[in-house]
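Protein chains: 2
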Amino acid sequence: MTIFGAIEAGGTKFVCAVGSSGGGSLRTTTIPTRDPDGTFADVEAFFRSAADLGPLAGLGIASFGPVGVDPALPQYGRILATPKPGWEGTDMIARARDFLDVPIGLDTDVNAAALAEIAAIGGGLRHLAYVTVGTGIGVGLVSAGRTVHGIGHPEAGHIPVRRHPAHGDFAGLCPFHGDCLEGLAAGPAVAAAWDITPSHIPHDHPFWDVEASYLAQLCASLFLTTGPERIVLGGGVMKQERLLPLIRARTLDLLGGYVHALRTIEDMERTIVPPACGEPSGLVGAFLLAEDAAA
Amino acid sequence: MTIFGAIEAGGTKFVCAVGSSGGGSLRTTTIPTRDPDGTFADVEAFFRSAADLGPLAGLGIASFGPVGVDPALPQYGRILATPKPGWEGTDMIARARDFLDVPIGLDTDVNAAALAEIAAIGGGLRHLAYVTVGTGIGVGLVSAGRTVHGIGHPEAGHIPVRRHPAHGDFAGLCPFHGDCLEGLAAGPAVAAAWDITPSHIPHDHPFWDVEASYLAQLCASLFLTTGPERIVLGGGVMKQERLLPLIRARTLDLLGGYVHALRTIEDMERTIVPPACGEPSGLVGAFLLAEDAAA
């Protein structure tokens with residue numbers, strides 16, 4: 001069996017694994033994210049210790065962002081402007097190549113998760129958006145079977161949105177944009193705007209309508225821009241299970257019957273969905289990046 | 001010399017040509033759009049009369065929308081829901097194949113224009129958005145060198161936007177969404193909202209700030225979603241030359257320094273640009289579609 005390495009590089013932890021997208025992980029470890037030297041020393045130790053499993057045919061890195069994703073540019077594989085101490089300019093690919101001389105694929109954690117969701121849902125899907133609503137709002141995009149890169153990678157969590165009147169004068173928490181989508185609707189913004197306990201939010205609390213209205217604007221904009229066949233909504237905030245049907249209804253309302261394939265609530269139920277990937281999707285996506293790099 | 005056919009199929013006119021994207025048009029005609037039978041009878045007559053130029057290697061159709069663009073679906077090449085009498089369900093490809101048995105490529109007029117702008121700008125661009133602001137707002141997208149299709153084709157002219165306070169209670173003109181981008185910022189909305197003569201709008205009129213604020217939201221959303229290397233702004237409304245620098249400044253403001261490559265007004269001047277394609281870009285794009293279909 002051909003095996004690969006996978007790194008899901010996050011701001012709080014690095015998850016490393018050896019295995020494959022289809023066969024799962026044979027061995028994994030979780031490393032707390034500190035400075036690059038310390039973190040990558042542990043990553044190297046893990047892969048060296050896993051050498052008994054056999055040689056790796058490739059490595060995939062699903063990285064936190066912003067990160068250079070265009071192989072044609074000098075910043076490919078490097079962490080760009082970030083508030084995380086010590087990480088700006090870190091070359092994720094060079095760090096890994098120091099101890100693993102194999103083909104390396106790299107993309108954002110959310111683009112990798114989008115690839116993993118495409119694989120998990122199956123059925124020949126080619127266009128998908130993966131959205132995680134947690135401490136931030138991350139968006140990964142697959143169009144025509146490939147992750148979307150342009151002048152950077154997708155950052156649609158930061159699009160401008162119409163403010164909900166019930167949010168009053170809440171300024172939003174995004175350090176760059178104030179009241180962009182992430183500034184209004186990510187977990188910390190929810191906590192700052194409302195005095196609510198996540199485990200028990202009253203059904204009549206304005207949170208539901210406010211949060212659904214913002215995430216529906218993202219869904220509508222994505223449908224109208226790249227036209228994903230599925231929008232997968234995950235992350236900590238989406239564990240509020242009442243949100244998903246509210247977002248579907250608001251998105252349907254926003255689209256107003258304009259898009260041929262998105263005219264009924266059944267269309268919304270089919271296209272706006274919770275994650276299907278059982279394992280951590282960023283890690284599965286990292287295996288897919290490794291397999292693509294080795295192909 | 002290999003020659004191709006091109007049809008730019010618009011709601012008010014069909015422009016037909018024989019030639020190539022590089023060599024230009026050898027012969028063209030403009031046909032007023034009526035019902036499908038009458039219009040295509042004239043299209044057929046043009047191509048039959050142009051037979052003396054030699055056999056065509058392919059045909060490209062740059063069509064008004066909404067139109068099916070996925071070759072895997074039964075509605076491929078068909079006009080979808082449209083208020084234009086008689087056109088809904090019309091199979092553009094079958095109509096053309098009735099008299100031209102050659103490989104046929106089809107895309108939206110704005111996706112075709114995006115291809116034409118990529119070719120006109122040159123320099124190895126792979127990611128571009130083409131926006132036309134006229135009687136409607138159309139958006140064509142090229143990502144990684146290919147036009148973007150998903151569950152439909154891009155319809156980003158209809159994204160929700162933040163209303164500008166100076167627009168007061170203007171309800172917007174979009175029959176589907178009221179105050180979506182097109183409903184607030186396309187030509188008819190400008191005419192309905194303000195009592196202004198397009199040839200002489202006072203410099204202190206609120207139109208400038210209102211219009212720039214809406215189109216800047218589109219630019220920011222596009223940069224944050226598919227990350228085009230260039231956003232080309234064309235169409236009748238953009239003939240107001242003061243708009244372009246205002247849109248650049250507002251987009252820069254909206255992005256707030258978040259995107260690595262888009263941090264200065266010079267970045268905006270390089271990336272938000274007027275059309276570069278000298279000939280009608282939809283027609284040039286139709287030649288490119290023909291050449292791709294024949295390749």
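Read top to bottom, the protein sequences are chains A and B. Reminder that position 175 of the first sequence reads as 175 in the numbering used here, one-by-one numbering, no gaps. Reminder that position 12 of the second sequence reads as 12 in the numbering used here, one-by-one numbering, no gaps. Ideal placement from N, C-alpha and C gives every residue a C-beta, glycine not left out.
- Secondary structure of Phe4 (chain B) (DSSP, three-state): strand.
- Closer than 8 Å to the CB of Gly22 (chain B) there is not a single CB belonging to chain A.
- As far as DSSP is concerned, Phe170 (chain B) takes part in no beta bridge.
- In the same chain as Leu125 (chain A), and ignoring 5 residues on each side of it, the C-beta atoms closer than 7 Å to its own belong to Ile118, Glu229 and Arg230, in chain order.
- Around the beta-carbon of Ser199 (chain A), fewer than 16 other beta-carbon atoms lie within 10 Å, marking it exposed.
- When DSSP assignments are scanned along the segment 16-95 of chain B, the uninterrupted stretches of alpha helix (DSSP H) that are 4 or more residues long and fall wholly within it turn out to be 36-49.
- For Asp204 (chain B), there is no enclosing alpha helix (DSSP H), as DSSP marks it with neither H nor E.
- Asp107 (chain A) counts as buried, since no fewer than 16 other beta carbons sit within 10 angstroms of its beta carbon.
- Contact with chain B is absent for Val133 (chain A), since none of that chain's Cβ atoms lies less than 8 Å from the residue's Cβ.
- Taking C-beta separations shorter than 6 Å and ignoring five residues to either side along the sequence, the partners of Gln75 (chain B) in its chain run Gly68, following chain order.
- At a Cβ-Cβ threshold of 8 Å, Gly24 (chain A) and Val133 (chain A) do not count as neighbours.
- A:Phe14 is the residue among A:Val18, A:Pro55, A:Gly19 and A:Phe14 whose C-alpha sits nearest the C-alpha of Gly38 (chain A).
- A distance of 8 Å or more separates the beta carbons of Thr225 (chain A) and Ala186 (chain A).
- DSSP, reduced to helix, strand and coil, places Leu246 (chain A) within a helical segment of the structure shown.
- Taking a C-beta distance under 8 Å as the contact criterion, Ala276 (chain A) and Gly105 (chain A) do not qualify as a contact pair.
- Lys13 (chain A) is bridged by DSSP to A:Pro32.
- Short of 6 Å from the beta carbon of Ala144 (chain B), and not among the five residues preceding or following it, lie these beta carbons of its own chain, in chain order: Arg126.
- Contact annotation: the segment 242-256 of chain A touches the segment 207-227 of chain A, with at least three C-beta pairs closer than 8 Å.
- Residues of the segment 221-234 of chain A whose Cβ lies closer than 8 Å to any Cβ of chain B, in chain order: Ser221, Leu222, Phe223, Leu224, Thr225, Thr226, Gly227, Pro228 and Glu229.
- Excluding its 5 nearest sequence neighbours in each direction, Cys174 (chain A) has C-beta neighbours in its own chain below 6 Å: Cys180, Glu182 and Gly183, listed in chain order.
- Bridge partners of Cys180 (chain A) according to DSSP: A:Pro160.
- A distance below 7 Å between beta-carbons, with the five flanking residues on each side excluded, links Phe223 (chain A) to the following residues of its chain, in chain order: Leu255, Val259 and Leu262.
- A straight-line Cα-Cα distance of about 13 Å links Ala120 (chain A) and Ala129 (chain A).
- For Tyr130 (chain B), the pairing in a beta bridge is given by DSSP as B:Gly140 and B:Val232.
- Between Ala45 (chain B) and the set B:Asp70, B:Pro66, B:Ala17 and B:Ala62, the nearest pair of CA atoms involves B:Ala17.
- Residue ranges of uninterrupted alpha helix (DSSP H) with 4 or more members, entirely inside the segment 99-129 of chain A and ordered along the chain, are 109-121.
- Beta-bridge partners of Arg97 (chain B) (DSSP): none assigned.
- Cα atoms of Gly168 (chain A) and Ala193 (chain A): separation of roughly 9 Å, rounded to the nearest angstrom.
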